[in-house]
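In full-length UniProt numbering, the protein residues as written are 1 to 720.
Below is one structure, written out as structure tokens; comments come after it.
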């Protein structure tokens, strides 16, 4: 063991909480295995958990590694803290979970970089409530291991999880005063490869690394019988590749299994299991769920036989080939507010695995792989992909662009700077036995947000309502009763602040405003009537909604009202000692404006009229106006692409639809050529002033769609 590993072992075996981090291949797993055995010799009850089932397989079966979700009874994250506590405390199905937590002395969490703040705080809550309410984690010693320069936690807004890092929890730094960042690489003997992985994961590739990665775009020699795994950034590209590869297995017939679906189509479209599963004998497949400690999510096998009600798949388990009968599985989405199932899909829990996503590959070591970097736009994504390689001779990289390599949020670099602070060498573990303080816990409210795609937010003063509503039928008019529901309105008003530096301020201000429920309801009704009156006045003045001046005058009056003393007076009683409150209320005003325009649009549609806005668009309009047009262009392309993508994924392998699916794929490829990454457009656009609108609305992940200059200019011509 090197000095860092040795110090980690001493801290862990002396009862300290510890964060053990470092690039893949630095010996984190080896250190954890060694400490596990030592702690067992000391008579400790140790639970070794990983975020994914596939990561548990890197540990010998004698250790009994399990997923964090199984250890703590989290299921799929659908339960809020109190509901989960009641289940574990009183439901017989969770009796084993309760006993497991009660007996645990040391909890090891591997792959902690994938554990979100919400999950981390929920685990702390359950351990504390079950074992010892006076101490964090109930007094359990906690050891965390992972690499925060890899991919961030996955968001699940339906269950109130916004993908924040676990170290952003208020109690994290105090509870984990010992943090060790291992630096010596053991898994990769080739220095150029390990250096490249490190720089790519950190989002800081040198010119040397850029040249090295580009040099990997060449053919590699594959031994006979060895599989080559293809890595893509997007599920759509994986599905296309798998579909094409399946067709090459000409010696076997195609079997197509349609799913049985119930419930909300919005959530059915987001299910992991495919709507139509196409299979052939000998095709590689991946498990999508944990069926047992051995049959885990991410495990890859090959189809041996196909029957109507079961698929025989051969997996390598404990070094031996085993044939397993896979039967259909019920995939569900659960509404944590109404506490009911809102979508269900019954399908075989497998999908084709000629190719997999970079996300799915995290934690794997792959002897031979080909990485397609196209559409890799997340921090650490390319680094994670390249880090799967064992040797330079076994990896090929295509479509690499240095401009697509993003830095992580500043919070990640700040965390690693804390790891540089000299760790305490006093082995008295009093520093890690901290009494619980309620003020240090950020409660998670399960109904704070509704699920949205990265490009689903609409410009607040937007006038292409009819067109966008036709693009997305789910974006429907909000009734008067709905707009006056306080929680709905204020939760939606805060969405623009998610993943921005102002998120916490917005949440705090929203809660303060909602404390004045009665006054706030009256204010909301008054403002709703005020905005409706503005629009009706403008409509009467212009005689018809078809004329552009109606909307222009409406926007003018609306914006003047927001700057008026009348509006200031109306909000003053609500925002006393709440500095951020006015921004929330202004956001609410734009929601009201949006509802009024939607109602007007729907009213015209019901009478068969059309909304025609013949605004003269040219390069003489303001930079802000051109920026809005550019933003809307990106939004429209994103929505078109999203709908095409879902249509394709839902119709892959459907008999008789292959030509139509290929045509839709061609359309998606055309749309892909119209868009560009945020970093590229910033460096290349000659209309820099038009980028501000999209930049203003971007969150930290830069998920909004940017369009090429040529597409922007074409949008101007079309609108003209």
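Glycine included, each C-beta is placed from N, C-alpha and C at the ideal position.
Using CA coordinates, which residue listed in the options is at the minimum distance from residue i?
i           : options            : result
residue 652 : 44, 58, 242, 181   : 242
residue 38  : 53, 28, 10, 218    : 10
residue 661 : 645, 675, 674      : 645
residue 412 : 203, 711, 567      : 203
residue 573 : 386, 537, 513, 409 : 513
residue 718 : 655, 671, 663, 630 : 630
residue 83  : 126, 95, 115, 54   : 126
residue 138 : 682, 161, 107      : 107
residue 637 : 648, 708, 363      : 708
residue 436 : 32, 117, 124       : 124
residue 25  : 388, 715, 520      : 388
residue 650 : 213, 256, 207, 94  : 256
residue 370 : 665, 588, 385, 94  : 385
residue 67  : 60, 75, 590, 53    : 53
residue 94  : 624, 116, 130      : 130
residue 721 : 345, 317, 307      : Lying before the first or after the last residue shown, residue 721 is absent from the chain, which here runs from 1 to 720.
residue 317 : 292, 339, 306, 309 : 292
residue 570 : 526, 307, 119      : 526
residue 133 : 568, 586, 488, 85  : 85
residue 597 : 536, 72, 561       : 536
residue 245 : 566, 230, 101, 639 : 230
residue 627 : 659, 688, 582, 594 : 688
residue 566 : 658, 508, 523      : 523
residue 551 : 169, 251, 534, 623 : 534
residue 715 : 692, 635, 665, 681 : 635
Flag this pair as yes or no: are the beta carbons of residue i and residue j separated by less than 8 Å?
i           : j           : result
residue 47  : residue 104 : yes
residue 403 : residue 685 : no
residue 150 : residue 192 : no
residue 289 : residue 349 : yes
residue 332 : residue 343 : yes
residue 674 : residue 632 : no
residue 558 : residue 505 : no
residue 232 : residue 355 : yes
residue 179 : residue 418 : yes
residue 57  : residue 296 : yes
residue 434 : residue 174 : yes
residue 405 : residue 382 : yes
residue 278 : residue 254 : yes
residue 510 : residue 592 : no
residue 165 : residue 117 : yes
residue 274 : residue 351 : yes
residue 143 : residue 42  : no
residue 587 : residue 493 : yes
residue 4   : residue 182 : yes
Where DSSP assigns a beta bridge to residue i, which residues make up the other side?
i           : result
residue 344 : 262, 332
residue 143 : 18, 108
residue 320 : 317
residue 395 : 369
residue 312 : 305, 325
residue 232 : 357
residue 352 : 285
residue 676 : 706
residue 389 : 366
residue 116 : 165
residue 493 : Bridge partners of residue 493: none, in fact.
residue 300 : 286
residue 435 : 135
Can you tell me the Cβ-Cβ gap for residue i and residue j, rounded? I've got them flagged as a contact below 8 Å.
i           : j           : result
residue 186 : residue 27  : 5 Å
residue 392 : residue 373 : Residue 392 to residue 373, Cβ: 16 Å. No contact.
residue 302 : residue 282 : 6 Å
residue 528 : residue 538 : In fact, because the Cβ distance is near 16 Å, the residues do not count as touching under 8 Å.
residue 486 : residue 520 : 6 Å
residue 51  : residue 111 : 4 Å
residue 171 : residue 415 : No, residue 171 and residue 415 are not in contact; Cβ-Cβ is about 15 Å, not under 8 Å.
residue 49  : residue 12  : So it is not a contact: roughly 15 Å between Cβ atoms.
Against chain C, does residue i count as a neighbour if the rule is that its beta carbon must be under 8 Å from one of theirs?
i           : result
residue 244 : The structure shown contains no chain C, having only a single protein chain.
Every unbroken beta strand (DSSP E) inside the stretch 245-289 [3 residues or more] = 255-258, 260-263, 276-279, 284-287
Tell me the start and end of each unbroken beta strand (DSSP E) in the stretch 39-98 that is at least 3 residues and wholly inside, in chain order.
-> 46-50
In chain order, each alpha helix (DSSP H) run of at least 4 residues that lies wholly inside the stretch 127-199 | 172-175
Please specify which runs of the alpha helix (DSSP H), each continuous and at least 4 residues long, are wholly inside the stretch 557-604, giving them in chain order.
-> 565-571
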